[in-house]
Amino acid sequence: MVGLPILLCLVAWRLGLAKTRRDFMILMFSGWLGSYLALTMAGTYFRGEGLELLWPWEVRPAES
2 MVGLPILLCL VAWRLGLAKT RRDFMILMFS GWLGSYLALT MAGTYFRGEG LELLWPWEVR
62 PAES
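Under our numbering, the first residue of the sequence shown carries the number 2, and numbering increases by one thereafter.
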């Protein structure tokens, strides 16, 4: 969760996209938010029985 924002800042700095401290803070927050949303979606929507990671179309209905 820390690596993506730092990598994003380094790439933006090398390309000349981020020049001020404000630009870096916006990039850090955007990278953190993207990581948070991706991990939340993976943890919520791709979990099957026994918290096994599955694709959404592979989830089997619970048998009664």
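Cβ coordinates follow ideal geometry from the N, Cα and C atoms, glycine included.
Keep in mind that this is a model prediction, so the values were computed, not measured.
- [ ] Count the other CB atoms, across all protein chains shown, that sit within 10 Å of the CB of A39; report buried if there are 16 or more and exposed otherwise.
- [x] A39 is exposed by the Cβ-count criterion.
TODO: Give the straight-line distance between the Cα atoms of G51 and S31, rounded to the nearest whole angstrom.
DONE: So the alpha carbons of these two residues sit roughly 32 Å apart.
- [ ] Compute the distance between the beta-carbons of L34 and L9, then report whether it is under 8 Å.
- [x] Not a contact, by the Cβ cut-off of 8 Å.
TODO: Identify every residue that forms a DSSP beta bridge with R1.
DONE: The structure shown has nothing for residue 1, since the chain only spans 2 to 65.
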